[in-house]
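Trainee:
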Amino acid sequence: MTVRINSLLMVICFVGLVLFLSDNALIEMDTMSQNPDYPTGCEMISAVMVLDYFGFDVTVDEFSDKYLLKGNAPYISNGIWYSSDPDMVFLGEPESEDGWGIWAKGLSRSINYFFDENGIKADAVYSCSDTLDNLCFRYIRNNIPVIVWCTVDMAEPYRNISPRIENSVERFTWISPNHCMVLVGFDATGYYFNDPMTGKCRKFGKNESQIAFGANNSQSVVIVTDN
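The sequence shown begins at 1 in our numbering and counts up one residue at a time.
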């Protein structure tokens, strides 16, 4: 009996996967560019794009000045690299070429700070465990865009510096060329992203996207509203 049930479950999962792979979806939403004002602000631009999609009124400048939590970009002291924690704050300034960025946990903190300060009943939820296919199945098919971490042009990722977090013995490794975009669609051969670097919706192949996403610890942020 157990064997029959397991076999049935496998068939159901296989049929579901086949249906998903033959499916497609594309969310229609406005794009925004980080250039020329925010050369390292792809995460912030992605956040404002999604906030705008849900009808929340905030400009990029307002988000940067009032809500984006910021800290120190990597620097050398006594021959050792130090930095603020990207899980908590943006490293540096998004207006500067010397800015670095912020990770999913930190960006969700900044978005939730915006919600709290404006009495908005919504929540930015981060994850470091989903796959792009799961994100598409759970969110894109339901018209919910997802902020994801990858690489510029889905270039091959490489390990950059590993700074020590200030006032801590812990370190983190920065993956380059680090980038953040908004996942808005998929089809049988690739995924669609609103890219702050170009201000356009772009399609990338599944394999290269999955490699870049996985190298950045599969980080994503989704905004959950009452609706």
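The beta-carbon is built from N, C-alpha and C at its ideal position, and this holds for glycine as well.
Computed from a predicted model, the values in this text were never measured in an experiment.
Would a C-beta distance cut-off of 7 Å place Ser220 and Pro163 closer than the cut-off?
Mentor: Looking up residue 220 in the sequence shown gives position 220. Looking up residue 163 in the sequence shown gives position 163. Not closer than 7 Å, so no.
Trainee: Determine whether the beta carbon atoms of Trp81 and Ile161 lie at a separation below 7 Å.
Mentor: To locate residue 81, count along the sequence shown from 1; it is residue 81. To locate residue 161, count along the sequence shown from 1; it is residue 161. Yes; because the gap between Cβ atoms is below 7 Å, this pair is in contact.
Trainee: Could you tell me the alpha carbon to alpha carbon distance between Lys203 and Phe137, rounded to whole angstroms?
Mentor: Within the sequence shown, residue 203 is the residue found at index 203, counting from 1. Within the sequence shown, residue 137 is the residue found at index 137, counting from 1. Taking the straight line from one Cα to the other gives about 17 Å.
Trainee: Run through the stretch 49–130 for me and flag every whole beta strand (DSSP E) of 3 or more residues, listed as ranges in chain order.
Mentor: Look at the stretch 49–130 and you find these whole runs of beta strand (DSSP E), each 3 residues long or longer: 75–77, 80–83, 122–127.
Trainee: Looking at C-alpha atoms only, which residue of His179, Thr59, Lys66, Ser46 is the closest neighbour of Tyr113?
Mentor: For the purposes of this step, residue 113 is taken as residue 113 along the sequence shown, with counting starting at 1. Closest by alpha carbon: Lys66.
Trainee: Quick check on Ser209: does DSSP put it in helix, strand or coil?
Mentor: By 1-based counting over the sequence shown, the position of residue 209 is 209. Here Ser209 sits in helix by DSSP.
Trainee: Using C-beta distances below 7 Å, list every residue in its chain close to Val222, excluding the 5 sequence neighbours before and after it, in chain order.
Mentor: Mapped onto the sequence shown, residue 222 falls at position 222. Within the same chain, Val222 has close Cβ partners Val125, Tyr139, Ile144, Val146.
Trainee: Could you pull the start and end residues of the alpha helix (DSSP H) that Asp133 belongs to?
Mentor: Within the sequence shown, residue 133 is the residue found at index 133, counting from 1. It spans 132–138 - the alpha helix (DSSP H) in which Asp133 sits, taken as one unbroken run.
Trainee: Helix, strand or coil for Asp153 per DSSP?
Mentor: Position 153 of the sequence shown, counted from the start, is the residue given in the question as residue 153. Of the three classes helix, strand and coil, the one that applies to Asp153 here is helix, per DSSP.
Trainee: In chain order, what residues of the same chain have a beta carbon less than 7 Å from the beta carbon of Leu26, not counting five sequence neighbours either side?
Mentor: Translated into positions along the sequence shown, residue 26 becomes position 26. Val184, Gly185, Tyr192.
Trainee: Please go through the same chain and pick out, in chain order, the residues whose beta-carbon is closer than 8 Å to the beta-carbon of Gly106, but skip the five residues on each side of it.
Mentor: Position 106 of the sequence shown, counted from the start, is the residue given in the question as residue 106. Answer for Gly106: Leu69, Asp85, Pro86, Asp87, Met88, Val89, Phe90, listed in chain order.
Trainee: Buried or exposed: which applies to Val224, given that a residue is buried once 16 or more other Cβ atoms fall within 10 Å of its Cβ?
Mentor: Start at 1 with the first residue of the sequence shown, and residue 224 comes out as number 224. In summary, Val224 is exposed, with fewer than 16 beta-carbon neighbours lying within 10 Å of its beta-carbon over all protein chains present.
Trainee: Report the rounded CA-to-CA distance for Ile165 versus Tyr158, giving the unit in angstroms.
Mentor: Here residue 165 corresponds to residue number 165 of the sequence shown, with the count starting at 1. Here residue 158 corresponds to residue number 158 of the sequence shown, with the count starting at 1. Approximately 20 Å, taken between the alpha carbons.
Trainee: Grab me the residues of Arg141's own chain with a C-beta within less than 6 Å of its C-beta, minus the 5 sequence neighbours each way, in chain order.
Mentor: The residue labelled residue 141 in the question sits at position 141 within the sequence shown. So the qualifying residues of the chain are Ala25.
Trainee: Using DSSP with H/G/I as helix, E/B as strand and the rest coil, what is Asn217?
Mentor: Locating residue 217 in the sequence shown gives position 217, counting from the first residue. Note: Asn217 maps to coil in three-state DSSP.
Trainee: Where does the unbroken beta strand (DSSP E) through Asn194 begin, and where does it stop?
Mentor: Walking along the sequence shown from the start, residue 194 turns up at place 194. Taken as a continuous stretch (DSSP letters only), the beta strand (DSSP E) holding Asn194 covers 190–195.
Trainee: Taking Asn167 as the reference, which of Gly41, Gly71, Asp30 has the closest Cα?
Mentor: On the sequence shown, position 167 is the one that residue 167 refers to. Selected option, being the one with the closest Cα: Gly71.
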